[in-house]
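*Asks:* First, the structure itself, so that you have it in front of you.
2 protein chains.
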Amino acid sequence: MNVVILGCGRIGSTLARSMSKEKHRVSIIDRKGDAFRRLGPDFGGQMVVGNGIDDAVLKKAGIEKADAFVAVTNGDNTNIMSVQIAKERFHVPKVAARIYDPIRACAYRELGIETICTTIIGAKLMKDLLLGNEWGAAAEYCNFNEDEAEV
Amino acid sequence: MNVVILGCGRIGSTLARSMSKEKHRVSIIDRKGDAFRRLGPDFGGQMVVGNGIDDAVLKKAGIEKADAFVAVTNGDNTNIMSVQIAKERFHVPKVAARIYDPIRACAYRELGIETICTTIIGAKLMKDLLLGNEWGAAAEYCNFNEDEAEV
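If you read the sequences in order, they're chains A and B.
Take the first sequence: its letter number 126 is residue 126 in our numbering, and every next letter is one higher.
To convert a position in the second sequence, counted from 1, into our numbering, add 1000.
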């Protein structure tokens, strides 16, 4: 799979390393070149410094041949804009955005954009932990050993 | 349940509102009073400005009678230190910390401290989304409607 990831923060870099390790072709974009340090020395994908809502930057990262585009910067607006560009202008089949704001995450999902709201997920899991509720399959996202710590 | 929450960021404020709405007694601590704006005007819990690894601040927030303590600041070190203080010094029965660093989250869990690593959760969910894997029960943490957006 050809995947373009926007944002080389914690989630972006973890996802990029994991996908690359499994032989997917990964391009990762960040406004700051320094962010790529999180990928470690063994990362086999492409790194592009630039703004993820800029066509030229997206093209350089291979958006025209991408099977998937994921936006995980710290900015909800950037994430949602870039995902819309990837979907509407470049017709990337699979797009997803991380959104902090639960209300917006919900609204965008209703517009057909896949969103993951780490705020809601974190708060719900904490609450279930406090109240002793069963985690069920969610536990597999939370319980991991050190070997799996890179996803 | 008497719960003390350290950190009034996105997850902390969402959790505090949700627990308070369900009639739990909530105290929330943040170093910056401005952070409490996230709780909205209807929040019925206690707000304490201060450093969450300071005994006096924790006591003011009612740690001595707390059934649970949750640390969700942006700092892994603060979260883990405060959780250890709550557990060892104040004997709070249930403690949990949000940890960004997957390796540390794993190590602390092995020491018996409940941790939620939003980095791993976010990256794993994104990966499953891209690869079309089944979310199972994890979906309930990701799919929510607007009424549930406050958890």
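Beta carbons: idealized from backbone N, C-alpha and C, even for Gly.
All values derive from a computational prediction rather than experimental measurement.
(1) Just the C-alpha distance for residue 32/A and residue 1036/B, rounded to the nearest angstrom, thanks.
(2) Which residues in the same chain have their Cβ closer than 8 Å to the Cβ of residue 89/A, if we skip the five residues on either side of it in sequence?
(3) Along the alpha helix (DSSP H) that carries residue 39/A, what are the first and last residues, could you check?
(4) Which chain B residues are close to residue 96/A, counting only those with a beta carbon under 8 Å from its beta carbon?
(5) Hey, is residue 3/A's beta-carbon within less than 8 Å of any beta-carbon in chain B?
(6) Judging by CA-CA distance, which residue of 1030/B, 1016/B, 1029/B, 1077/B is the nearest neighbour of residue 1043/B?
(7) Chain A partners of residue 1088/B, CB-CB under 7 Å?
(8) Quick one: does residue 133/A have its CB under 8 Å from some CB of chain B?
(9) In this structure, how does DSSP classify residue 151/A when only helix, strand and coil are distinguished?
(10) Could you give the distance in angstroms between the alpha-carbon of residue 1025/B and the alpha-carbon of residue 1106/B?
(11) With a 10 Å radius around its C-beta and 16 neighbouring C-beta atoms as the bar for buried, classify residue 41/A as buried or exposed.
(12) Here's the rule I'm using: 16 or more other beta-carbon atoms within 10 Å means buried, otherwise exposed. How should residue 23/A be labelled?
(13) Just by C-beta distance, which residues in the segment 98 to 125 of chain A are closer than 7 Å to chain B?
(14) Any heavy atom of the ligand GTP closer than 7 Å to the Cβ of residue 1067/B?
(15) To the nearest angstrom, report how far apart residue 47/A and residue 95/A are at their CA atoms.
(16) Opposite residue 1029/B in the DSSP bridges: which residues?
(17) With distances taken from CA atoms, which of 1018/B, 1064/B, 1007/B is nearest residue 131/A?
(18) Have a look at residue 1128/B and residue 103/A and give me their C-alpha separation to the nearest angstrom.
(19) Should residue 65/A go down as buried or exposed, given a rule of 16 or more other Cβ atoms within 10 Å for buried?
(20) Are the C-beta atoms of residue 1014/B and some chain A residue less than 8 Å apart?
(21) Please state whether the Cβ-Cβ distance between residue 57/A and residue 11/A is less than 8 Å.
(22) Output the residue ranges of the beta strand (DSSP E) runs that lie fully inside the segment 1062 to 1087 of chain B and measure 3 residues or longer, sorted by chain position.
(23) Between residue 1070/B and chain A, is any beta-carbon pair separated by less than 8 Å?
(24) Does the beta carbon of residue 27/A come closer than 8 Å to any beta carbon on chain B?
(25) How many whole angstroms separate the CB atoms of residue 1074/B and residue 1009/B, which I take to be in contact at a CB cut-off of 8 Å?
(26) Buried or exposed for residue 1077/B, going by 16 or more other Cβ atoms inside 10 Å?
(27) Kindly indicate which three-state DSSP category residue 1092/B falls into: helix, strand or coil?
(28) Can you name the start and end residues of the beta strand (DSSP E) that residue 114/A belongs to?
(29) For residue 1079/B, is the classification buried or exposed, using 16 other Cβ atoms within 10 angstroms of its Cβ as the cut-off for buried?
(30) Can you grab the Cα-Cα spacing for the pair residue 1099/B / residue 1070/B, in whole Å?
(31) What is the residue span of the alpha helix (DSSP H) that residue 58/A lies within?
*Replies:* Reading it off the structure:
(1) Taking the first sequence and counting its residues from 1, the one referred to as residue 32/A is at position 32. Taking the second sequence and counting its residues from 1, the one referred to as residue 1036/B is at position 36. Cα to Cα, the separation comes out at about 31 Å.
(2) Position 89 of the first sequence, counted from the start, is the residue given in the question as residue 89/A. Cβ within range, chain order: 55.
(3) Against the first sequence, residue 39/A aligns to sequence position 39. Where residue 39/A is concerned, there is no enclosing alpha helix (DSSP H), because DSSP gives it neither an H nor an E.
(4) In the first sequence, residue 96/A corresponds to position 96, counting from 1. Going along chain B in sequence order, the residues near residue 96/A (Cβ under 8 Å) are 1126, 1129, 1130.
(5) Stepping through the first sequence from its first residue, residue 3/A is reached at position 3. Cβ-Cβ to chain B under 8 Å: yes for residue 3/A.
(6) Sequence index remark: in the second sequence, residue 1043/B carries index 43 (1-based). Considering only alpha carbons, the answer is 1016/B.
(7) Within the second sequence, numbered from 1, the residue matching residue 1088/B stands at position 88. None at all; the shortest Cβ gap to chain A is about 19 Å.
(8) Here residue 133/A refers to the residue found at position 133 of the first sequence. Residue contact with chain B for residue 133/A: absent (no Cβ-Cβ distance below 8 Å to any residue of chain B).
(9) As a working note, residue 151/A is residue 151 in the first sequence. In this prediction, residue 151/A scores a pLDDT of 47, lower than 50, which makes its location untrustworthy; no coordinate-derived value is stated.
(10) Along the second sequence, read from residue 1 onward, the residue named residue 1025/B stands at position 25. Along the second sequence, read from residue 1 onward, the residue named residue 1106/B stands at position 106. Those two C-alpha atoms are separated by around 30 Å.
(11) What you label residue 41/A is simply residue 41 of the first sequence in a count that begins at 1. With fewer than 16 other Cβ atoms within 10 Å, it is exposed.
(12) In the first sequence, the residue the question calls residue 23/A occupies position 23. Exposed, since its Cβ has fewer than 16 Cβ neighbours within 10 Å.
(13) Of all residues in the segment 98 to 125 of chain A, only 98, 100, 102, 103, 106, 114, 116, 118, 119, 120, 121, 122, 123, 124, 125 come within less than 7 Å of chain B when Cβ atoms are compared, listed by chain position.
(14) As far as ligands go, the structure on display features none, and thus does not contain the ligand GTP.
(15) Numbered from 1 along the first sequence, position 47 holds the residue referred to as residue 47/A. Numbered from 1 along the first sequence, position 95 holds the residue referred to as residue 95/A. Cα to Cα, residue 47/A sits roughly 19 Å from residue 95/A.
(16) Your numbering for residue 1029/B matches position 29 in the second sequence. Beta-bridge pairing links residue 1029/B to 1006/B, 1048/B.
(17) Residue mapping note: residue 131/A aligns to position 131 of the first sequence, counting from 1. For the residues 1018/B, 1064/B, 1007/B, the minimum Cα distance to residue 131/A belongs to 1018/B.
(18) Walking along the second sequence from the start, residue 1128/B turns up at place 128. Walking along the first sequence from the start, residue 103/A turns up at place 103. C-alpha separation (whole angstroms): 23 Å.
(19) Position 65 of the first sequence, counting from 1, holds the residue named residue 65/A. With fewer than 16 Cβ atoms within 10 Å of its Cβ, residue 65/A is classed as exposed.
(20) The residue labelled residue 1014/B in the question sits at position 14 within the second sequence. Closer than 8 Å: yes.
(21) Counting from 1 along the first sequence, the entry for residue 57/A is found at position 57. Counting from 1 along the first sequence, the entry for residue 11/A is found at position 11. Result no, Cβ atoms of residue 57/A and residue 11/A do not sit closer than 8 Å.
(22) 1068 to 1071
(23) As a first step, residue 1070/B is located in the second sequence; it is residue number 70 there, counting from the start. For residue 1070/B, the answer is yes, since a Cβ of chain A falls inside 8 Å of its Cβ.
(24) On the first sequence, residue 27/A is found 27 positions in, with the first residue counted as 1. No, because no Cβ of chain B sits closer than 8 Å to the Cβ of residue 27/A.
(25) As a first step, residue 1074/B is located in the second sequence; it is residue number 74 there, counting from the start. As a first step, residue 1009/B is located in the second sequence; it is residue number 9 there, counting from the start. So it is a contact: roughly 6 Å between Cβ atoms.
(26) By one-based count along the second sequence, residue 1077/B stands at place 77. That one is exposed.
(27) Start at 1 with the first residue of the second sequence, and residue 1092/B comes out as number 92. Here residue 1092/B sits in coil by DSSP.
(28) In the first sequence, the residue the question calls residue 114/A occupies position 114. Element bounds for residue 114/A: 114 to 116.
(29) Locating residue 1079/B in the second sequence gives position 79, where the first residue counts as 1. Answer is buried; the Cβ neighbour count reaches 16.
(30) Here residue 1099/B is taken as the residue at index 99 of the second sequence, counted from 1. Here residue 1070/B is taken as the residue at index 70 of the second sequence, counted from 1. For residue 1099/B and residue 1070/B, the distance between alpha carbons rounds to 11 Å.
(31) Locating residue 58/A in the first sequence gives position 58, counting from the first residue. Looking at the DSSP string, the run of the alpha helix (DSSP H) that includes residue 58/A is 55 to 60.
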